[in-house]
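In our numbering, the protein residues as written are 33 to 531.
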């Protein structure tokens, strides 16, 4: 997919380009006020009404059905001194003046934006090599997507919903996922419709649960468009310093997003759980317990011995997700300066030792090849408690803490995690009694289907996932990704030999 070409970086004088640009050819109607002579003493019955009705202001862009949208309390744009001040909030309204360019990128209407669903699904600006996992949706929630659009000076774009829709004074641009659109395409479309901006996705930001949706936010940069072209859903668009986001945002669901937006991009980013309430005791060997976040969602949080062990577990869960293997949604968290792992609770999970040993649990055998590839030595658990069963009878791998380069207790595996997937044999016929009881009767056909699933995962996606979530330095993550790719090749070679 072709990527939009960026304009060369401008110097400070060029950033405002010395002129005003009015992106729209129409403006909200000007307010005309009548003048009156000095008041005279009037009879109570002379019929004069001194009160003047408030002017009716309409958004210059109508709804999709052509209906005009009245703005009850119009926003006011800020002056041009706010446009380039990194510490200033710059606000734009429909048709208001904007600089010709900002940070070397013109602010001009995106005139050739897609007009059809097919066009939006193929829109430039999507990041093919992102390696994002499927969006995990709890029961009753729907999918949404948006973007955290950051300027080179560190400021972030917010939208002000028209008439405070849904109670929001300001929020990040996003919208419900439209059928037939990828989440990335949907995010780009929403940024244009709500903020008037043309955006290029530059990475993953995170998945955030809201009142009715789970929204995936991407990191993005502006490559075109103008806030003066905002659609009818927004009555203003603001460019806000990170340390002032809390001044404009009023929705509780935006609080963790704003907190994350204030941190640098990168794999070390963790979600603070300082405001979460502990509601249950520790399970397992690592310190932790059950917690409830401000939305009421429950999580199991644990804190391994090292930050790298925590990241290692997050990475394993993301690789399982990429393969379509059922696991809870997991996030890297921070509490009192310590990194940990939060697993979102899935209602109705239960132990089923008999079902696992009898080969009656869907997904247990199908995920075996992934367990072997990821060297998840503790996939089943001593009490058959690492592979639980959901209400639909599917296996859920809830604890990949013993996968990849660390043992479950946090000791490094060293050379035991090599280029050859010995776990194809050791998990079925080795000394791990529980694993052998579950995997010992798996057929070659079941293994072959699992290996084919891994073979279909592109190398570039493996590299992207490992760089985003893995432990160690960038160089160490690169080596880990290459080892996983070599292990994938070994699985494919082993499968070919058996056929």
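Idealized CB from N, CA, C, for every residue including glycine. Given the structure is predicted, the values throughout are model-derived calculations rather than measurements.
DSSP state of residue i mapped onto helix, strand, coil
i	result
residue 523	helix
residue 405	helix
residue 239	strand
residue 528	helix
residue 2	The chain is shown only over 33 to 531; residue 2 falls outside these bounds and no answer can be derived.
residue 207	strand
residue 341	helix
residue 194	helix
residue 482	helix
residue 143	coil
residue 470	helix
residue 418	coil
residue 174	strand
residue 125	coil
residue 154	coil
residue 229	strand
residue 351	helix
residue 426	strand
residue 258	coil
residue 449	coil
residue 512	helix
residue 488	coil
Burial state of residue i, where buried means 16 or more other Cβ atoms lie within 10 Å
i	result
residue 35	Low local confidence applies: a pLDDT of 36 at residue 35 is under 50, so the model's placement there is unreliable, and no value is given.
residue 13	Summary: the structure shown does not reach residue 13, with the chain confined to residues 33 through 531, and so no result is reported for it.
residue 341	buried
residue 177	buried
residue 110	buried
residue 361	buried
residue 392	exposed
residue 171	exposed
residue 279	exposed
residue 270	buried
residue 218	buried
residue 344	buried
residue 476	exposed
residue 334	buried
residue 241	buried
residue 160	exposed
residue 158	buried
residue 47	Because the pLDDT at residue 47 is just 40, under 50, the model does not fix this residue reliably, and the point stays unresolved.
residue 259	buried
residue 148	exposed
residue 61	Confidence in residue 61 is poor, its pLDDT being 38 and thus under 50, which makes the residue's placement too unreliable to answer from.
Any C-beta of chain B under 8 Å from that of residue i
i	result
residue 350	Checking the listed chains, one finds no chain B in this structure; it contains a single protein chain.
Inter-residue spacing [alpha-carbon to alpha-carbon] between residue i and residue j
i	j	result
residue 215	residue 245	13 Å
residue 255	residue 134	10 Å
residue 466	residue 186	52 Å
residue 535	residue 142	The structure shown has nothing for residue 535, since the chain only spans 33 to 531.
residue 156	residue 238	21 Å
residue 487	residue 115	50 Å
residue 348	residue 331	18 Å
residue 471	residue 118	58 Å
residue 518	residue 509	14 Å
residue 222	residue 213	12 Å
residue 372	residue 184	31 Å
residue 440	residue 325	26 Å
residue 520	residue 144	43 Å
residue 365	residue 292	11 Å
residue 228	residue 492	32 Å
residue 234	residue 390	46 Å
residue 328	residue 311	11 Å
residue 308	residue 285	14 Å
residue 220	residue 257	12 Å
residue 370	residue 122	36 Å
residue 495	residue 514	8 Å
Whole-Å CB distance - residue i paired with residue j, under 8 Å assumed
i	j	result
residue 305	residue 374	7 Å
residue 179	residue 205	6 Å
residue 167	residue 248	6 Å
residue 408	residue 434	6 Å
residue 91	residue 126	6 Å
residue 395	residue 426	5 Å
residue 540	residue 416	The question about residue 540 has no answer here: the residues shown for the chain are numbered 33 through 531.
residue 354	residue 165	5 Å
residue 95	residue 89	Wrong, their Cβ atoms sit about 16 Å apart, outside the cutoff.
residue 358	residue 428	5 Å
Any non-hydrogen atom of the ligand SAH closer than 7 Å to residue i Cβ
i	result
residue 379	Questions concerning the ligand SAH fall outside what the structure shown contains, since it holds no ligand whatsoever.
Hey, is the region 396-414 in contact with the region 453-466, meaning 3+ C-beta pairs nearer than 8 Å? With a cut-off of 8 Å, the region 453-466 and the region 396-414 count as touching, because enough Cβ pairs lie within range.
Spell out a yes or no on whether the region 414-424 and the region 371-382 are touching, meaning 3 or more CB-CB pairs, one atom from each, closer than 8 Å. Three or more Cβ pairs closer than 8 Å define a contact, and the region 414-424 meets that threshold against the region 371-382.
Taking 8 Å as the threshold, find out whether the region 255-272 comes into contact with the region 189-204 through three or more Cβ pairs. Taking a cut-off of 8 Å for Cβ pairs, the region 255-272 and the region 189-204 touch, as three or more such pairs fall below it.
With three or more beta-carbon pairs closer than 8 Å as the criterion, would you say the region 309-328 touches the region 479-498? Contact annotation: the region 309-328 does not touch the region 479-498, with fewer than three C-beta pairs closer than 8 Å.
Meets three-Cβ-pair contact criterion under 8 Å: the region 445-452 and the region 492-502: Too few Cβ pairs lie closer than 8 Å, so no.
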